[in-house]
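Asker: Residue numbers (our numbering): 85 to 176. Cβ atoms here follow ideal geometry from the backbone N, Cα and C, with glycine treated the same way.
1. With residue 178 as the anchor, note down where its alpha helix (DSSP H) starts and where it stops.
2. Excluding the 5 residues preceding and the 5 following residue 131 in the sequence, name in chain order all residues of the same chain whose CB lies nearer than 6 Å to its CB.
3. I'd like to confirm the pairing. Which residues does DSSP put opposite residue 101 in its beta bridges?
4. Relative to the C-alpha of residue 133, which residue among 105, 100 and 161 is closest?
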């Protein structure tokens with residue numbers, strides 16, 4: 085399934101926590117010590133948001149069938165003039 089829609093769906097959502105996703109030990113890494121020759125950056129981050137149950141369902145759907153992009157909004161940011169962006173109107 086390809087979803088060709090982009091939209092700001094949860095402006096102002098509060099971030100509760102950001103943490104590196106748990107990773108399995110890699111080859112050459114001692115399971116007891118947890119140390120490796122060189123520290124590796126987290127491939128993914130786990131972001132916890134404070135949202136309503138309805139918004140949580142939308143996030144799960146996006147995680148399963150599309151992509152999720154997060155952005156930091158300034159305190160004065162507004163959602164005026166935002167709308168759905170499709171393949172047909174992306175360059176308008």
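Answerer: On the basis of the data shown:
1. Not covered by the structure: residue 178. The range shown for the chain is 85 to 176.
2. 102
3. 132
4. 100
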